[in-house]
Amino acid sequence: MQTAQDLTQQAVAAMSATPSASNSPTHTTPVGRRTSGKTSQIPPERKEAITALVSKVFTRLEAIFPRTFSSAFPTVDMLKLSRREVAQELARWPMLPTNQTIERALSEIKRTGNTWPPTIPELIAKLQPSAEDAGMPNSADAWREAVNHAHHPAEHCWRHEAVRLAGQAVGWWELTHTTAQSTWPRLERRFEKHYAALVNRVLAGEELQAQGLIGHEGSETRGAKAERASREAAQQQAEAAGMPHRMNPEQGMRSLRAALGGR
């Protein structure tokens, strides 16, 4: 079993070559597979990038929390162990945080109003790359793109495959034939759920493929499409008549017939 002294010595060895924050190469560094998390088993250039990134983050934290930083990390060895924990976590990520991600994380930390530095788990969570760091649009932009090009998805040049797959999972027919305003928030929530899952897969280093996603083009029968169109038309007329939209289809049809004079 490793002693505290052993861990300290390992941390010192791992972080002893830390370059200055001003030389931090914090560009995106994609890789195809997850690494083991041990800095000694990753390419030298990636190890150097991780070491510089960690150095930059902790230097900024010391500047942000000048009075409490030394209390949070009371010894040199404790500081090096904390930096080592962050470095080991970053080594597992297929993509390192960009400069934009780091600045966003530090801004969020400052906006909290806390007078103490974040814990290591909190810091790691804030450094997690976002969709934009992977060259993907944010959820709101992805939703607008999916809606705007749902009529001809095969002809559109998508900003990222994840946008097309999320729209496909919701259903192109739904996105092009839904007319009831009350239905759109539900469709958007479904899209956001699918898109978030796809973003996580991309950030984990996975290459997206169309297999295994529900709601692909042409999966719905003509009869099912016609039935759904009828339900949506009835719902739209019911809403126009001032009827509640939370009724089930049978209740809605009965109410609609009554509003139309029993027809």
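Our numbering puts the first residue of the sequence shown at 87, with every later residue one more than the last. Glycine residues also receive a C-beta, built at the ideal position from the N, C-alpha and C atoms. Please read all numbers here as calculations on a predicted model, not as lab measurements.
Counted as a single uninterrupted DSSP element, the alpha helix (DSSP H) harbouring His263 occupies residues Trp258 to His263.
For Ile195, the uninterrupted alpha helix (DSSP H) segment begins and ends at Asn185 to Arg197. With respect to the C-alpha of Pro203, the residue from Ala240, Arg245 and Ser156 having the closest C-alpha is Ser156. For Phe144, the enclosing alpha helix (DSSP H) starts and ends at Pro130 to Ile150. Residue environment for Gly221: exposed (fewer than 16 other C-beta atoms within 10 angstroms of its C-beta). Taking 8 angstroms as the cut-off, the Cβ atoms of Asn224 and Glu231 do not count as close. Taking C-alpha positions only, Leu167 is separated from Lys279 by approximately 37 angstroms. Its chain contains Lys212 as the residues whose beta carbon lies nearer than 8 angstroms to that of Glu194, once the 5 sequence neighbours on both sides are disregarded; these appear in chain order.
Here the C-alpha atom of Ala177 lies approximately 42 angstroms from the C-alpha atom of Trp259. Ser216 carries a coil assignment under DSSP once its states are collapsed to helix, strand and coil.
In the DSSP assignment, Glu231 falls within the alpha helix (DSSP H) that extends over Ser225 to Asn234. A check of alpha carbon separations from Met181 across Met164, Leu251 and Gln214 identifies Gln214 as the nearest. Counting every other CB atom within 10 Å of its CB across the protein chains shown gives Gln174 a total of 16 or more, marking it as buried. In this structure, DSSP gives Asn200 a state outside helix and strand, which the three-state scheme calls coil. DSSP places Arg245 in the coil class of the three-state scheme, outside both helix and strand. The three-state reading of DSSP puts Met164 in helix, counting H, G and I together.
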